[in-house]
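Note sheet for the following structure.
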């Protein structure tokens, strides 16, 4: 089974040289730590920076340089800064190659819910709806089950949706799955996890085609 | 032409109960601190505030919320503010949550003379309820209307007496679009300079969008999530 860093490491294998990538808050943020050697990837944060660098040292902290999670950041050499309308033009205009975000629920048709629990949590969608509505390549990074042990990979989302039919791939602590003709296609197992473990933890319908390889991380 | 005013309290003159304001900033980054303090002192209420976030309990727009000066918030993300959540759940505060990119574009459109536009963001979600849907290249989009405000209040790094503005870092965020969309736009700057001191090639907001400008003081620039590399 993977921890959050393991999930980030596995998703980092999806990166390709020259890509511009938007990472959401939480597990996705960790991916920046695991970019494979030799690849140049530019990270976008939707509050208005391309070429986001690592967190600052104490001396480098600048209140005027944060990411969309409101964390202090640095800018890489060659970074660019812009306003929010330009930032979402990049997103809506499909100039960003990969979006990685967290989710509370994903449905087998690719629907995603991650912004609201009615009556309990209303924080707002931030940029998530714009991101999922436009990106062609959307990976969800999340735990396979919630804190109560219930599956987060469902036949149908129960929470208010963030976007419809948009998720292409899901990487969890247990598996890598792809949304394939209305079902979850099992691609890889996490180290030490069996197909049976994944079946038990998945409420949605699975496609299990032949031997499922273990992740190589 | 004299756009320079001497203080935040002079800058906000004319802001009355029930008006709609736009306030720049993302989280606490790039917010007009001095103007918010002046609005608290002036005690105007029943405000509709368009701002990406609602501050934290004791800073930013949270200060106006504490004093119950805001009737309605139009934002994309309002977490990290317990008083906000309390007022919303008690029905004391109206809240309109808008996808962040749609919020930015609606402000831009408001300033650019575009009354409405179609966007894919929010299609199939509760954000799309009651909105016109149209297919473009086979993909559904929803109609979103431009936003404007009686006053827009923005924060810039440097500005000159003609209202030309330069922002610093990610403190730019919503400020340029909001500057365009205010009937009256107030710019609060860290450094007010003479015309000619700013390189025209690097102006972010041309002075035509700004009606009042002043140099703020004692910027706190509070950091919400101080995150250090170890």
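Protein chains in written order, with our numbering: chain A, 7 to 223; chain B, 298 to 527. Glycine included, each C-beta is placed from N, C-alpha and C at the ideal position.
Output yes or no for whether 8 Å exceeds the beta carbon distance between residue 507 of chain B and residue 462 of chain B. yes
For residue 432 of chain B, name the three-state secondary structure that DSSP assigns. Three-state result, residue 432 of chain B: strand.
Exposed or buried, residue 187 of chain A, counting other C-beta atoms within 10 Å across all chains shown (16 or more means buried)? exposed
Compare the C-beta of residue 141 of chain A against all C-beta atoms of chain B and say whether one is closer than 8 Å. No, because no Cβ of chain B sits closer than 8 Å to the Cβ of residue 141 of chain A.
Considering just the uninterrupted stretch of the alpha helix (DSSP H) at residue 472 of chain B, what are its terminal residues? 472-478
Per-residue burial, residue 77 of chain A [other beta carbons within 10 Å of its own, 16 or more giving buried]: buried
Cα separation between residue 57 of chain A and residue 92 of chain A? Distance between the alpha carbons of residue 57 of chain A and residue 92 of chain A: 15 Å.
Three CB pairs or more closer than 8 Å across the stretch 415-422 of chain B and the stretch 132-146 of chain A: The stretch 415-422 of chain B makes contact with the stretch 132-146 of chain A: 3 or more CB pairs, one atom from each, lie closer than 8 Å.
Determine the chain A residues that contact residue 324 of chain B at a beta-carbon separation under 7 Å, and present them in chain order. 72, 76
Going along the chain, which residues of the stretch 33-64 of chain A sit with their C-beta nearer than 9 Å to a C-beta in chain B? 51, 52, 53, 54, 55, 60, 61, 62, 63, 64
Which ranges would you report for the beta strand (DSSP E) in the stretch 472-520 of chain B if only whole runs of at least 3 residues count? 479-490, 509-512
Whole-number beta carbon distance between residue 316 of chain B and residue 448 of chain B, since they are thought to touch under 8 Å: Their Cβ separation, rounded to whole angstroms, is 7 Å, which keeps residue 448 of chain B and residue 316 of chain B in contact under 8 Å.
First and last residue of the uninterrupted beta strand (DSSP E) at residue 28 of chain A: 26-29
Beta carbon proximity, residue 90 of chain A to chain C, threshold 8 Å: Given the protein chain composition of this structure (A and B), no chain C is represented.
Quick one: list the residues of chain A neighbouring residue 465 of chain B, beta-carbon separation under 7 Å, in chain order. 70
Am I right that residue 89 of chain A and residue 329 of chain B are in contact with their C-beta atoms under 8 Å? What's the rounded C-beta distance? Wrong, their Cβ atoms sit about 16 Å apart, outside the cutoff.
My assumption, with CB atoms under 8 Å, is that residue 31 of chain A sits in contact with residue 130 of chain A. Please give the rounded CB distance. With 8 Å as the limit, residue 31 of chain A and residue 130 of chain A do not qualify as a contact, their Cβ atoms being about 12 Å apart.
Nearest chain A C-beta to residue 394 of chain B closer than 8 Å, yes or no? Chain A, which has a Cβ nearer than 8 Å to the Cβ of residue 394 of chain B, makes this yes.
Going by the DSSP bridge assignment, what does residue 437 of chain B pair with across the sheet? B/432
Cα-Cα separation between residue 438 of chain B and residue 86 of chain A, rounded to whole angstroms: 29 Å
Using DSSP with H/G/I as helix, E/B as strand and the rest coil, what is residue 77 of chain A? strand
Per-residue contacts from residue 148 of chain A into chain B (C-beta, under 9 Å): The premise fails here: residue 148 of chain A is roughly 18 Å from chain B at the closest Cβ pair, so nothing lies under 9 Å.
Interface partners of residue 399 of chain B on chain A, CB under 9 Å: Ordered by position in chain A, the residues that pass the 9 Å Cβ test against residue 399 of chain B are 94, 135, 136.
Per DSSP, what kind of secondary structure is residue 332 of chain B in: helix, strand or coil? helix
Tell me the rounded alpha-carbon separation between residue 494 of chain B and residue 121 of chain A. 45 Å
Residue from A/42, A/221, A/54 with nearest C-alpha to residue 180 of chain A: A/221
Out of curiosity, what's the CA-to-CA distance linking residue 173 of chain A and residue 307 of chain B? Their backbone Cα atoms lie some 51 Å apart in a straight line.
In whole angstroms, what separates the C-alpha of residue 338 of chain B from that of residue 33 of chain A? 42 Å
Which of helix, strand or coil does DSSP assign to residue 415 of chain B? Looking at residue 415 of chain B - three-state DSSP - the assignment turns out to be strand.
Identify the contact partners of residue 474 of chain B in chain A, using a Cβ-Cβ distance below 8 Å as the criterion. 89, 90, 91
Beta carbon of residue 177 of chain A, beta carbon of residue 204 of chain A: below 8 Å? no
Report the option in A/7, A/22, A/10 whose CA atom is closest to the CA atom of residue 105 of chain A. A/22
Mapping the DSSP letters down to three states, classify residue 317 of chain B as helix, strand or coil. Strand at residue 317 of chain B.
Please list the partners that residue 486 of chain B has in chain A, where partner means a Cβ-to-Cβ separation under 8 Å. Residues of chain A passing the Cβ test: none, with the nearest at roughly 13 Å.
Examine the Cβ distances between the stretch 372-385 of chain B and the stretch 92-101 of chain A and report whether three or more of them are shorter than 8 Å. no
For a test of your reading of the model: does the CB of residue 420 of chain B fall under 7 Å from any non-hydrogen atom of the ligand NAP? Yes or no. The model on display carries no ligand, and the ligand NAP is accordingly not part of it.
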